[in-house]
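Report on the structure given below.
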Amino acid sequence: MPWYQALPIIGSAIALAILIFTHPHSESRPIGFTLLVGALVMVSIGFALKDLVEAIYISAWLASS
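Residue numbers are given in my numbering: position 50 of the sequence shown equals residue 50, and the series is strictly consecutive.
Quick look at the structure:
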């Protein structure tokens with residue numbers, strides 16, 4: 001897997017880690033809800049990074065043609 005295809009996965013993992021580690025423990029929200037929100041954040045960031053990398057790749061390919 002090229003590095004640019006791994007970026008969405010890495011970004012998603014970092015986003016989930018930030019969400020979990022900065023979660024205030026004094027609230028009564030269950031951890032399952034936090035993990036659900038984290039998973040949605042991971043998917044969203046992953047898709048955004050995938051689209052960004054794809055757009056940059058297509059732009060570079062068109063510029064080289």
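For every residue, glycine included, the Cβ atom is placed at its ideal position computed from N, Cα and C.
Through-space distance from residue j to residue i, alpha-carbon basis
i, j, result
"F33", "L49", "24 Å"
"L19", "I31", "11 Å"
"G46", "L16", "11 Å"
"W61", "I9", "24 Å"
"I58", "S44", "21 Å"
"S64", "Q5", "21 Å"
"V37", "F21", "13 Å"
Nearest neighbour of residue i, chosen from the options [CA to CA]
i, options, result
"A39", "A13, A63 and A6", "A13"
Cβ neighbours of residue i in the same chain (closer than 7 Å, five flanking residues each side left out)
i, result
"L7", "L49 and V53"
Residue i - DSSP class collapsed to helix/strand/coil
i, result
"P8", "helix"
"T34", "helix"
Cut-off 8 Å between Cβ atoms - residues of its own chain near residue i, not counting five sequence neighbours on either side
i, result
"V41", "S12, A15, L16 and L19"
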